[in-house]
Structures are given as structure tokens and as C-alpha cells.
Amino acid sequence: MSTLIKGRRIAADRWTMVHAAGELPADGDVIVPLSSWNTERERLGTRAGRVGVLLRPEDDPAELGAYLSHLALVAIEFPHFTDGRGYSTARLLRERLGYRGELRAVGDVGRDQLFYLSRVGFDAFALREGERPEQALGAFEDFSEAYQTSVDRLQPLFRRRGGRNPGATGASPEGVAR
Amino acid sequence: MYEYDDIDQRIVDERVRQFRDQTRRYLAGALSEDDFRPQRLQNGLYVQRHSPMLRVAIPYGLLSSRQLRRLAHIARRYDRGYGHFSTRQNIQFNWPRLEDAPDILAELADVGMHAIQTSGNCIRNVTTDHFAGIAPDEIVDSFVWCEVVRQWSTLHPEFAYLPRKFKIAISGAAYDRAATFVHDIGLQAVRADNGAVGFRVIVGGGLGRTPMIGHVIREFLPWPDLLTYLEAIVRVYNRYGRRDNKYKARIKILVKERTPAAFTAEVEDEWTHLRGGPATLTDEEVARIESRFTRPVYERLARDDAGYAGAVASDPAFAAWTRRNVHTHKVPGYAAVSISLKKTGLPPGDATAEQMDAVAALSDSYSFGELRVSHEQNLILADVRRSALHALWQELRALGLATPNIGLLTNIIACPGGDFCSLANAKSIPVAEAIQARFDDLDYLFEIGELDLNISGCMNSCSHHHVGHIGILGVDKNGEEWYQIVIGGHQGATRDGEAAAIGKVIGPSFARAEVPDVVERLIDVYLAHRDSEHERFVDTVGRIGVEPFKRSVYGSREYDTAIGSRLEAEALA
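Heads up: the sequence lines are chains G and Y, in that order.
Its first residue numbered 1, the first sequence is counted upward by one per residue in the numbering used here.
Its first residue numbered 1, the second sequence is counted upward by one per residue in the numbering used here.
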């Protein structure tokens, strides 16, 4: 059983990952693959318990489109942490598709991925086996600032500086860059 | 120099702290080799043949004398007293200890330097024209745009685990000295008729195993849209680039498999969502970054200097050096100077700690305390008064740094090769040395004229042999080192001219000892066929084709037997 970090603390996991339709428990919250969601959406809707969807790296989050507001959880799988497709999937879910529910990173999720994952919109992390959760919590503090706009900082650093430019020393001629 | 503000500095400091912790966990056995590898690579640390290799970023090749002194100090204290300037405007140390890497990074951070994303499957150090800001053909100062891109790409959370490495080059001048057509993304500054600045966007160029010339996917991208458009390109690549085969994972393969038109449509579609968003650049931001660059305060000087002209007339050795190593400057009375790191007998691009300290001192005396690193692995003092050139040359000569061979055959671009690199199939440095020794007559070298000769020790093509006028590639055949030769490549030039060209293989490969002979034969054919001394080697190859060169190299009697059996063997294999 992997440890779950949610809201930057260690949390209990109430969700069950169900990979095959036959394994669907009678009640309780379940996470099903996108393929199951696509084929058995109605049956899933009649169960007691909430439904979350698991996206694989190659899945297009736009397929969840209109249903996103009804989903309590979307999980994105990282079969290996070096497969970075899930980072784009997460930003698309948050920034383009307007998903507001829990976004969980599952699979090969380790301490050294948490900072970037949290920047692109993940708020829950199912740590892989062997990770030390208390140490992992420190990862969110790896950096105190970031240049780019992303889910955690809607404005890039240059729009948040508020025009202040302390310590500028350059005697730059006008317009060398433009 | 771009001067860090407190936030730039804090991010680099925090990166050091993060890596120190990762290294500690790795050494304590809490982080596996597989988990540590991508982390250390994104901090420039390879595991090499002999020890780790640390690749330090010199963003867009710009360096202060203070930083160069720190590099010299690192070479002395943590390495064996030298460093290797690479073809991507970085410096590599070949002998540090892993345990020392966090301390080295802290020493770098102290002078506003880092090794962030100098390796790994992420956006690498952005490169540019080594004459940025001073070139007479300048359209914009590309350093400013490089810094904009550096900040955007540094610790980008979405693009740290791309399918493969990702290299961006920016040219701000009419003449493309940044090889924009052989990068994952090449950006060429363009000025529209109404004076507005934008970028021509080139995607999918690259060398390596499958060399390709990039495609122009947008003729004019207004500058405020630069980052949103880059984000669209890299996102399409991150989502759809191949991850099943490392040799097909670069963006050039995606562009080819989808077709450039379809790929462009996908990028443009992605961009419709990002365009005008928060990452859209503002006047204030570009002005802010521009203002953080220190600028030389030039004196008002006459274009010509009588003392300089006199020295050129009276001192032939100085005159030879000025012909090759002195370059025009947009400010009257100033010139840029190339310091060749290609002296015969020394590994191309290597500099000792003493040389680094000496060059730092020269840059303080002669060039406002700044210098540049070129992708040809030389150092450049960009702002030297013409009246001081003779004095500078004398000092350089005393240091063994006045080799007058910029643009000539002996200005060989070479990777560290099999002597150091664990990826290499063959050695590069001894081959470079043998060729330099063969062409040791300066008059002859000048007669041959401009010629780029590049030597890569393996298919990864770190020395860009595909775009050398003569390219030499080390290959492994049954555990033996052989060298394949390509001719006719070039890295592009004028905006309206041909983009860049991939050289053609002339035939079966050669043993190391044969290589200088082969180069000599190629040169003989060129000298016999060129229509004037203005026609360069690469132009002659373009005009008469590869055949006459092949005939000369393979057709002669002494080669026949060896080549015949070798061709047979290669046909069977």
C-alpha cells in the first residue's frame, strides 16, 4: 500500500484502483481506467460510491470533457518517472478543461518529482513503495520561486515583480533587443 | 553580462541545496542509481570513462573575468588543472569527484553560474552567435532573448522529462552564426517592414544518428508571443514525441513522421489556447532584462588606427593573426578577437587553469572584463580597441594563445572522444592532432582558406561533423576504431542563402593512421579544381560534386587493395 500525500500532508486513501470491470466492488470509491469509464459510464453511475478516472500517459484528457465537473478524482499514471507526458496532461486538465477536483499522481512517483508535479496542478500523490513520506513532504519547499506561469502560479514571475527592478546596473542603449 | 537579481540568485542557490540533498541520499544508498541518474544529469553530471564529468553552463557563451577565474579555481581545486570548452558554449571538467559536485555547484552559484539542464532529457543551455551585441550585421542583441528563454526554460515544471534532449539556438544577426537549422528549435530574429521585431521559427533540425535540416514553421512570430509559441511547440513534442526508441525520440523524428505541415498545424492549434495568455512578453520585461546586462562604455574612436595599420604592415606574423583572428565590430575603432584553443598538440577546446586566469586578466585589461565562448570552442574578447590589438597579440603569443587559425583547417572542432567519453566509439583528439601536425605550414593553410573540419567520436555528433566542410566520424567495427569521412556539409550562412547542408559520406571508413593522408588528398583535389582563391573548399564540393574527391581518395593504386577488401567486408556485414 503506497502512502498518500494530499494537501501537503500524509492522508488516508479511501479510493480503490479497479483495473478490470469484473473486480468492481459493490460500494466504495473507485478509480477506473479511461477505457472502462468510456464503456461502462452508466453502470458506474448507479453504484454507491464515487468514481475517479485513471489516465495513462497516452490518454487524451479532452475525452473526459463534459464529465469533469462530476468527477471527484482524476489520477494520472506515471509508469516510469522519466515519462513526462503526465505533466502536460495535468496542465491541460487544470488550465484548459477547468478541472477542479483531486488530481492524483500515481505509479512511479518519488520525492524528487513532487515539486514539479505540484506546480503543474497535482494536489495528491500516491508515493511509490519505499519512499519515506516525512522526507518527501520537504520536496514542496525545494524552491521558493519559479519563473514560469503554471497551475500554481497563474502569472509568470515577470508579471509578479510589479515593475520593481532593484539593483539594475546596466547602461543599456535603447532598443538593442527590439 | 547579465547580472542576477535576488530571485535569480535564490533559485540557483536552492538548486545547489536540492542537489546536495540528492547526492547525500544517493551516497547513503537511499536513492538508487536509476533514480539518481536523471537528477544528476539535469545538474550536468555524467558518469564517464574515468570519473564523473561535470558540464557547467555558460549561458549563451557569455562570461565575466570573475567567472572565468572561478572556473580556473575549480579546475585547480577539484580537477586536474584544466577544462574543456564544448561545442555548446559550455565547459566540461573531466575529473571531479561525485562527492565534490555539490561544493563545485556552490562555488559556481557564488559567481552566478550553474550546471542546470546541461544534460538530460530537458531544455538545454540556449546557444547563440558569439558576436551577439557587436556584429555589424546585427538585427537585435540575441543575448537579451537568450536570457528571456533561459529564465523560461530553467526548472520548467512541464518539460523536465521530455522524450529526449532539447536544444534551442537563437540568431540575432543577418548571418547565421548560431547554426539555427540544426537545432531542435532555431530562432532567427527578423525585422518586419514596419520595424517590428519577430522571429523566424525553425523546428526539427539536428545532427546525431539521423541528421536533418530544420523546417521553417513560422516566418514571423511577433516577439511578445515568443514564450507562448515555444510552450506550444515543446508541449506537442512532450505529448507526442516517441518514447519507445531513444534513437527516434528527438523532435526531428516527430516532425518527419507527422510531416512538417501537420506538425505545424498541431503547434498552431495548441498555440491558439496559449496565445495572449500570461506568458505573453511585455515591453517592461524585455526592458528589465535588457537593463540587467552590463554594457561596455565605448570611447569615441576613429574607425582606423595608424599604429595598428603600421604594425600590420611591419609585422607579418601579427598581420597573419589579424587576418584570421580579428573580427569587425559595429563600434568604430573596436574589434573582436578570437583566442584560438586549437594549438597543434593540445586537445581542441582545452584550456589550463593558468590560461584561464591569464585570459581573465587580458579581458580585464583589454575588453571590459567580459569574454565569450564560441561553439567552435574558442574564446573571444569582444570589445578590444584596434590601437591595443598589437599589444594584446604579443601577450597572447607569450601565452601560446595566438594561433592564427580561426576559420582554417586546423581550427578543428573535436569532442573529447574515446580518451574521455564513455559514449565514444573512437578517439578524436589524436586524430585532430595528427591532422594539425600534417598541416603545419601556415602559408599553405592560408592558401587553402576557409575550411571547417569537425571530428566526432561517435554518432552522437557532439562535434557536428555532418555540418563540417570535412567531417570525420569515429565508428566501431568489431572493436576497432575506424573513421568515416563526409564532405560538403555546412552550418548555414546568410538568411537568403542555403539553410545548412548535411555532408555526404565519401565511402568506406579508414584506419586512424590513414586519416591525414585522406584529408590531404581531399585538399589536393580542391586546390586543383577551385575556380579562384575565393571559392572555398565547401563551395567547390557543391559545384563539382563528391565524385572527383572519391576518385582521388579511393581510386589510387595504394588504396585499391585495401579498399576493395574493405568494401567487400562492409557489403557482407
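Ideal placement from N, C-alpha and C gives every residue a C-beta, glycine not left out.
Of all residues in the stretch 133-159 of chain G, the ones placed with a Cβ closer than 8 Å to any Cβ belonging to chain Y are 142, 143, 144, 145, 146, 147, 148, 149, 150, 154, 155, 156, 157, 158 and 159, in chain order.
Residue environment: residue 155 of chain G is assigned as exposed (fewer than 16 neighbouring CB atoms within 10 Å of its CB, all protein chains considered). Sequence-distant Cβ neighbours of residue 6 of chain G in its own chain, meaning closer than 6 Å and more than five residues away, are 124. Listed by position along chain Y, the residues whose Cβ is nearer than 7 Å to that of residue 177 of chain G are 140, 141, 144, 145, 286 and 290. DSSP places residue 17 of chain G inside the beta strand (DSSP E), whose first and last residues are 15-17. Here the alpha carbon of residue 133 of chain G sits roughly 27 Å from the alpha carbon of residue 117 of chain Y. Closest in C-alpha terms to residue 465 of chain Y, from the list Y/186, Y/286, Y/47 and Y/209, comes Y/209. A Cβ of chain Y is located within less than 8 Å of the beta carbon of residue 91 of chain G. When only Cα atoms are considered, residue 234 of chain Y and residue 60 of chain G end up about 17 Å apart. Beta-bridge partners assigned by DSSP to residue 128 of chain Y: Y/170. By the C-beta criterion, the stretch 174-185 of chain Y is judged to be in contact with the stretch 128-141 of chain Y, since at least 3 inter-stretch pairs fall below 8 Å. Of Y/392, Y/163, Y/211 and Y/96, the smallest CA-CA separation from residue 359 of chain Y is found for Y/392. Under DSSP, residue 138 of chain Y takes part in a beta bridge, and its partners are Y/173. Of Y/461, Y/504, Y/91 and Y/12, the smallest CA-CA separation from residue 542 of chain Y is found for Y/504. Collapsing the DSSP output to three states places residue 143 of chain G in coil. Here residue 177 of chain G is buried, its C-beta having at least 16 other C-beta atoms within 10 Å. DSSP places residue 80 of chain G outside any alpha helix (DSSP H), giving it a letter other than H or E. For residue 59 of chain G, none of the residues of chain Y pass the 8 Å Cβ criterion, the least Cβ distance being about 11 Å.
According to the DSSP secondary-structure assignment, residue 526 of chain Y is paired through a beta bridge with no residue. Out of Y/108, Y/98, Y/262 and Y/189, the CA that lies nearest to the CA of residue 138 of chain Y is found in Y/189. Closer than 8 Å to the CB of residue 83 of chain G there is at least one CB belonging to chain Y. Judged by DSSP in its simplified three-state form, residue 431 of chain Y adopts helix.
Under the Cβ distance rule, residue 443 of chain Y does not count among the residues neighbouring chain G, no pair being separated by less than 8 Å. Close partners of residue 22 of chain Y in chain G (Cβ separation under 7 Å): 112. Counting along the chain, residue 477 of chain Y sits inside the beta strand (DSSP E) bounded by residues 470-477. If you look at residue 52 of chain Y, you'll find it isn't in any alpha helix (DSSP H); it sits in the beta strand (DSSP E) that goes 52-57. The Cβ of residue 2 of chain G sits no closer than 8 Å to any Cβ of chain Y. By the beta-carbon neighbour count (other beta carbons within 10 angstroms, threshold 16), residue 259 of chain Y is exposed. Taking C-beta separations shorter than 7 Å and ignoring five residues to either side along the sequence, the partners of residue 403 of chain Y in its chain run 340, 342 and 343, following chain order. Residue 140 of chain G and residue 56 of chain G have their C-alpha atoms roughly 24 Å apart.
For residue 239 of chain Y, the closest Cβ of chain G is nearer than 8 Å.
Closer than 8 Å to the CB of residue 447 of chain Y there is not a single CB belonging to chain G. Taking a Cβ-Cβ threshold of 8 Å, the residues of chain Y close to residue 120 of chain G are 157 and 158, in chain order.
DSSP lists no bridge partner for residue 23 of chain G. Comparing C-alpha distances from residue 411 of chain Y to each of Y/544, Y/448, Y/421 and Y/387 shows the shortest one belongs to Y/448. Taking C-alpha positions only, residue 84 of chain Y is separated from residue 373 of chain Y by approximately 11 Å.
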